[in-house]
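Structure first, commentary second.
Written as structure tokens, this is what we have:
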């Protein structure tokens with residue numbers, strides 16, 4: 054009377070379909086993380102190139118918490134990806150002045166480039182796994 058479907062999804066008899074679906078979700082998650090990181094880096098590089106000033110504590114806190122609230126409110130709609138990119142873009146903008154200060158240090162550009170390249174490559178490689 055033991056039906057084979059009874060054991061699907063357990064540790065001893067997981068189905069191939071659920072494993073493939075799990076890998077697809079992880080791959081898509083890492084791909085989205087990679088894209089948001091690259092977008093944030095592009096906005097930060099633009100802020101450095103344009104020598105934009107720091108937004109200040111109040112604007113940084115209001116923007117960050119406001120965009121986090123927006124991401125939470127639209128998490129189940131098509132606007133969620135746009136809200137996530139708005140949040141990461143804003144974070145890149147606030148990171149721009151910090152990067153400008155580090156670029157003024159000796160070897161600062163190499164440190165920033167290495168950190169950016171290693172992190173982006175890691176997320177991209179994990180999305181292919």
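Residue numbers (the numbering used here): 54 to 182.
From the three backbone atoms N, C-alpha and C, an ideal C-beta is built for every residue, glycine too.
Open item on the list: On the DSSP letters alone, give me the boundaries of the alpha helix (DSSP H) that residue 152 sits inside.
Closed with: 133 to 156 is the extent of the alpha helix (DSSP H) around residue 152.
Task: residue 163 - DSSP class collapsed to helix/strand/coil - done: In the three-state scheme derived from DSSP, where H, G and I count as helix and E and B as strand, residue 163 is classed as helix.
TODO: Please report how far the alpha carbon of residue 90 lies from the alpha carbon of residue 115, in whole angstroms.
DONE: Answer to the nearest angstrom: the Cα atoms are 21 Å apart.
Open item on the list: Would the stretch 95 to 113 count as touching the stretch 131 to 146 if we require 3 or more Cβ pairs under 8 Å?
Closed with: Touching, yes, given that three or more Cβ pairs across the two stretches are closer than 8 Å.
Task: Simplified DSSP state of residue 109, which is helix, strand or coil - done: Coil, per DSSP.
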